[in-house]
Amino acid sequence: MHEKNFSGIIRLMFSHNENELIAIGQKIGRLLQARDVLILSGDLGAGKTTLTKGIAQGLDIRQMIKSPTYTIVREYEGRLPLYHLDVYRIGEDPDSIDLDDFLYGDGVTVIEWGELLEDSLPQDYLKIQLVKEEDGRRILFEAVGQASKGLLQKIESEIR
């Protein structure tokens, strides 16, 4: 286990519907750079894959984005490669897949249920939590590390 540099920066946004959530994802995707890691958390149906669809569009990926629940990982090509992982099924056994190929590759890594792998995550990532509410989704952003702190500041200025 390595120590994480928690920047303590948390931001809140809100999405009223799927289209708004995809639009937020598109804006995030346009700002991403190689080796950025996003951890998506939230209950089933919270919108993790929907947000990833928008992120993919922001990365100029034209393929249909599907949940990687049963395949664990899906790779897509765009402005940067997108590695979309869903680690719910592997639980707390990160050794069942080689995370390094994705975390330290030339693309962007989006991990659904990534909090299950907290001890195996890099020292710098952006955590995005989606919370279902009656009239939409509350979106909480938490930067862990300096690069993610900078990314979060860019996202905030882009979305507002």
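Going by the numbering used here, the letters in the sequence shown line up with residues 29 to 188, in that order. No residue lacks a Cβ here, since even glycine has one placed at the ideal position from N, Cα and C.
{"Asked": "Who pairs with L40 in a beta bridge, going by DSSP?", "Found": "L168"}
{"Asked": "Assign Y111 to buried or exposed, taking buried as 16 or more other Cβ atoms, counted over all protein chains shown, within 10 Å of its Cβ.", "Found": "buried"}
{"Asked": "Do the CB positions of G133 and G86 come within less than 8 Å of each other?", "Found": "no"}
{"Asked": "Is E140 buried or exposed, if buried means 16 or more other CB atoms sit within 10 Å of its CB?", "Found": "buried"}
{"Asked": "Ignore the nearest five residues each way along the sequence and tell me which others in E162's own chain have a CB closer than 7 Å to its CB.", "Found": "none"}
{"Asked": "Which same chain residues, not among the five before or five after G142, have their C-beta less than 6 Å away from its C-beta?", "Found": "I67"}
{"Asked": "So, are the CB atoms of L168 and Q157 less than 8 Å apart?", "Found": "yes"}
{"Asked": "Distance, Cα to Cα, N47 vs A74?", "Found": "14 Å"}
{"Asked": "Which residue marks the beginning of the beta strand (DSSP E) containing L60, and which one marks its end?", "Found": "First-last for L60: undefined, no H or E at that position."}
{"Asked": "Starting from K94, trace the alpha helix (DSSP H) both ways and give me its first and last residue.", "Found": "That residue, K94, is in no alpha helix (DSSP H); it is neither H nor E in DSSP."}
{"Asked": "What residue from V138, L144, R107, V65 has the CA that sits closest to D88's CA?", "Found": "R107"}
{"Asked": "If you reduce the DSSP assignment to three classes, tell me which class L68 lands in.", "Found": "strand"}
{"Asked": "Between the beta-carbon of V172 and the beta-carbon of D147, is there less than 8 Å?", "Found": "no"}
{"Asked": "So, helix, strand or coil for E184, using DSSP?", "Found": "helix"}
{"Asked": "May I ask which residues mark the beginning and end of the beta strand (DSSP E) holding L149?", "Found": "Counting along the chain, L149 falls outside any beta strand (DSSP E), and DSSP gives it neither H nor E."}
{"Asked": "Hey, I50 and T78: beta-carbon distance below 8 Å or not?", "Found": "yes"}
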